[in-house]
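Report on one structure; see the data block that follows.
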Amino acid sequence: MALKKARDIQKSKPKEERRSLKRNFQGLINQLNDPDIQIRRWAARELAGFEQAVEPLCRRLQKEQVLSVQESILNSLLTIGGEEVVKNLIPFLRSDDAGLRNKVIEVLQALPEAVAPYIEKLLRDPDSDVRIFAVDILQVLPHAQVPEWLLQVIRTDDHVNVVAAALDRLAEVGTPEMIPALLEVKQRFANEPYIAFAVDTVIERTKSEA
Amino acid sequence: MSQIKISDADFERFRDYFYRKTGIYFGDSKRYFVDKRLIERIKATGHRNFRSYFTFMRFQASGKEFQELVNLMTVNETYFFREEYQLKCMVESVLPEIVQRKKKELIRIWSIPCSTGEEPYSIAIYLLEYWPLIDEVDVEIVASDIDTKVLEKSKQGIYNSRSVQYLPREILRKYFKQLSGGRYLIDQDLREAIDFRQINICDFEDTKKMRDFDLIFCRNLLIYFDDVSRRKAAEAFYDSLNPGGIIFLGHSESMSRITSLFKVRKFPQAIVYQKPLTTWR
Numbered sequence: 496m497a498l499k500k501a502r503d504i505q506k507s508k509p510k511e512e513r514r515s516l517k518r519n520f521q522g523l524i525n526q527l528n529d530p531d532i533q534i535r536r537w538a539a540r541e542l543a544g545f546e547q548a549v550e551p552l553c554r555r556l557q558k559e560q561v562l563s564v565q566e567s568i569l570n571s572l573l574t575i576g577g578e579e580v581v582k583n584l585i586p587f588l589r590s591d592d593a594g595l596r597n598k599v600i601e602v603l604q605a606l607p608e609a610v611a612p613y614i615e616k617l618l619r620d621p622d623s624d625v626r627i628f629a630v631d632i633l634q635v636l637p638h639a640q641v642p643e644w645l646l647q648v649i650r651t652d653d654h655v656n657v658v659a660a661a662l663d664r665l666a667e668v669g670t671p672e673m674i675p676a677l678l679e680v681k682q683r684f685a686n687e688p689y690i691a692f693a694v695d696t697v698i699e700r701t702k703s704e705a
Numbered sequence: 365m366s367q368i369k370i371s372d373a374d375f376e377r378f379r380d381y382f383y384r385k386t387g388i389y390f391g392d393s394k395r396y397f398v399d400k401r402l403i404e405r406i407k408a409t410g411h412r413n414f415r416s417y418f419t420f421m422r423f424q425a426s427g428k429e430f431q432e433l434v435n436l437m438t439v440n441e442t443y444f445f446r447e448e449y450q451l452k453c454m455v456e457s458v459l460p461e462i463v464q465r466k467k468k469e470l471i472r473i474w475s476i477p478c479s480t481g482e483e484p485y486s487i488a489i490y491l492l493e494y495w496p497l498i499d500e501v502d503v504e505i506v507a508s509d510i511d512t513k514v515l516e517k518s519k520q521g522i523y524n525s526r527s528v529q530y531l532p533r534e535i536l537r538k539y540f541k542q543l544s545g546g547r548y549l550i551d552q553d554l555r556e557a558i559d560f561r562q563i564n565i566c567d568f569e570d571t572k573k574m575r576d577f578d579l580i581f582c583r584n585l586l587i588y589f590d591d592v593s594r595r596k597a598a599e600a601f602y603d604s605l606n607p608g609g610i611i612f613l614g615h616s617e618s619m620s621r622i623t624s625l626f627k628v629r630k631f632p633q634a635i636v637y638q639k640p641l642t643t644w645r
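Here the protein sequences line up with chains A and B, keeping their order. Sequential numbering of the first sequence, starting at 496, is according to this note's numbering. Sequential numbering of the second sequence, starting at 365, is according to this note's numbering.
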């Protein structure tokens, strides 16, 4: 039988764990800029234990090109959580890197209380793409104000894609009380067949609950 | 008789949300199954109808009720040779590729959560029975769980007839000794070959020790986790695997929905997830 009992746990520690380098906060921050991917990644993971790491982690995220390090940074930020993280991540919604932007949206979705104070401002952003990303954040955000925010979008936003995105989310959380606002948006975008279709879908779903 | 009804629109609304959150899609044929469990939770949480329950569940910041639903919708039990197609994939497709890369170096396999031991023992038996290179290549199997009680049971290796019901008769005879009361004791060599350890996959300090694995079996665990824990687990697995290492998830789970760190590999027997050979994107 060639099944072997596993090696002693100490011996199976990775090189990084056998190092003698002291891993204090400043040491880890320095390692965030190390040319070795593994060292950057490990530093990012360990910094999850330091609340004051938010800014340095976000600074690194701006220039980090390696996916696995990006993920470590974002997961550490998610672990730290809180408003400071949200404040520092929101600028990434304007990033040209779609992958990074989507990951940032996922992290923000997981921080409902901290992201809530920023939603209204994001929904009024002059850039329609940012407004769509804000609606994307609402997609699975577990926050009681989500229906209200979406309603605000369909009532006030002039951009067809932003409104379409909001209608898509309302199909899940819409209520019969929203029907007048839904009919109104259908009229406002009378030349957009998709909006008519989306409104009808939401109404159909909400009506059956009434 | 229950007065609570799930309308077609309710079902669609729930189905879309559940799919978006878990990747599990309920076809119309599952309607009865879904309705029954939904009604069960509506009653248990004191709601009067689907709408009020859905709003409560959808917007609950803790996500606790959603997890309750996931547990109900995905009830699983463990037994030997469960989802055997993945074990087949291991010996017929994955290991040949890893051996080619590592030559005849030691291969390390991690089974998590090992629960009462059916999975790591199934892996061991499958290797011994169906992998031709088992006499030439050394294999280590580490099995872990967060629960010390189930680890103790794993080490004892005593199973009831339900656990062994899908094992071929000759394998049952070869690796188990029948005890009284329809129980079976697994072979002592196997019990001694597997290293059982308590590990919390979401604890960085615990998972730091788990390194240099070539294969990870983590079936039907991530589905029970919330989003944050799932991401932490994916990070831990990434660091635990050697470059090119493979992870097997349960059939309703998908790593692609959690992280983009892994590559999807489609083998004839199963879809698995691979840590890239190089870490440069």
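The beta carbon of each residue, even a glycine, is placed where N, CA and C say it ideally should be.
**Prompt:** At which residue ranges does the segment 541-619 of chain B contain complete beta strand (DSSP E) runs of 3 or more residues, listed in the order of the chain?
**Reply:** 548-550, 558-562, 577-582, 605-613
**Asked** At what residues does the beta strand (DSSP E) containing A507(B) begin and finish?
**Response** 503-509
**Asked** What is the rounded straight-line gap between the Cα of D620(A) and the Cα of R626(A)?
**Response** When only Cα atoms are considered, D620(A) and R626(A) end up about 6 Å apart.
**Prompt:** Can a CB atom of chain B be found closer than 8 Å to the CB of I504(A)?
**Reply:** Per-residue confidence for I504(A) stands at a pLDDT of 46, beneath the threshold of 50, marking its modelled position as unreliable; the derived number appears in the next sentence. By this cut-off, I504(A) is an interface position.
**Message:** Alpha carbons only, please: which of T409(B), A408(B), N413(B), K407(B) is nearest the one belonging to F375(B)?
**Reply:** From the listed residues T409(B), A408(B), N413(B), K407(B), the smallest Cα separation to F375(B) is found for N413(B).
**Prompt:** Shortest alpha-carbon distance to L618(A) belongs to which of A685(A), L645(A), F520(A)?
**Reply:** L645(A)
**Asked** In this structure, does DSSP put Q647(A) in helix, strand or coil?
**Response** Shown here, Q647(A) sits in a helix according to DSSP, grouped into three states.
**Message:** With three or more beta-carbon pairs closer than 8 Å as the criterion, would you say the segment 688-701 of chain A touches the segment 656-672 of chain A?
**Reply:** yes
**Pairwise C-alpha distance: M421(B) and D567(B)** = 27 Å
**Asked** Using a Cβ-Cβ cut-off of 8 Å (strictly less than) and excluding sequence neighbours within five positions of R384(B), which residues of its own chain qualify?
**Response** Same-chain partners within the cutoff: there are none.
**Prompt:** On the three-state DSSP scale, how would you describe I406(B)?
**Reply:** helix
**Prompt:** Between the beta-carbon of V506(B) and the beta-carbon of W474(B), is there less than 8 Å?
**Reply:** yes
**Asked** Do you know offhand how far E579(A)'s Cα is from L603(A)'s?
**Response** 12 Å
**Message:** When you compare the CB of L633(A) with every CB in chain B, is at least one pair closer than 8 Å?
**Reply:** no
**Request:** State yes or no: is the C-beta of R594(B) within less than 8 Å of the C-beta of G614(B)?
**Result:** no
**Request:** Locate the alpha helix (DSSP H) running through W537(A), then write down its first and last residues.
**Result:** 532-541
**Message:** Assuming T442(B) and S616(B) are in contact, meaning their beta carbons sit under 8 Å apart, how far apart are those beta carbons, in whole angstroms?
**Reply:** T442(B) to S616(B), Cβ: 15 Å. No contact.
**Asked** Can you give the Cα-Cα distance for D591(B) and I622(B), rounded to whole angstroms?
**Response** 8 Å
**Request:** Give me whichever residues DSSP pairs with I568(A) in a beta bridge.
**Result:** Partner(s): none; I568(A) has no beta bridge.
**Message:** By the three-class DSSP mapping on this structure, what secondary structure does Q638(B) have?
**Reply:** strand
**L498(A), DSSP secondary structure in three states** = strand
**Request:** Tell me where the beta strand (DSSP E) around R619(A) begins and ends.
**Result:** Run containing R619(A): none; DSSP gives neither H nor E here.
**Asked** With burial defined as no fewer than 16 other Cβ atoms inside 10 Å of the residue's Cβ, what is the status of S393(B): buried or exposed?
**Response** exposed
**Message:** Any contact between the segment 626-641 of chain B and the segment 453-466 of chain B? By contact I mean 3 or more CB pairs, one from each, below 8 Å.
**Reply:** yes
**Through-space distance from Q367(B) to F390(B), alpha-carbon basis** = 23 Å
**Message:** Which of the three DSSP states is assigned to V628(B) in this structure?
**Reply:** strand
**Message:** Would S563(A) and A543(A) be called neighbours here (beta carbons separated by less than 8 Å)?
**Reply:** Annotated as distal: S563(A) and A543(A), with beta-carbon spacing of 8 Å or more.
**Prompt:** For E556(B) versus K500(A), is the C-beta spacing smaller than 8 Å?
**Reply:** Yes. Within cutoff.
**Prompt:** Are the Cβ atoms of L585(B) and P477(B) separated by less than 8 Å?
**Reply:** yes
**Request:** Report yes if the C-beta distance between R405(B) and Y417(B) is below 8 Å; otherwise report no.
**Result:** yes
**Where Y389(B) sits in the DSSP three-state scheme** = DSSP places Y389(B) in coil when its eight states are reduced to three.
**Cβ-Cβ distance between A666(A) and D499(B) below 8 Å** = Result no, Cβ atoms of A666(A) and D499(B) do not sit closer than 8 Å.
**Item:** Straight-line Cα distance separating Q424(B) from Q639(A)
**Value:** Strictly speaking, residue 639(A) in this sequence is Ala, with Gln absent from that position. Rounded to whole angstroms, A639(A) to Q424(B) spans 8 Å at the Cα level.
**Asked** Which same chain residues, not among the five before or five after D652(A), have their C-beta less than 6 Å away from its C-beta?
**Response** V658
**Which residues DSSP lists as bridging W474(B), in chain order** = V506(B), I580(B)
**Message:** Quick check on the DSSP output: the alpha helix (DSSP H) that includes T623(B) runs from which residue to which?
**Reply:** Unbroken run through T623(B): none, as it is neither H nor E.
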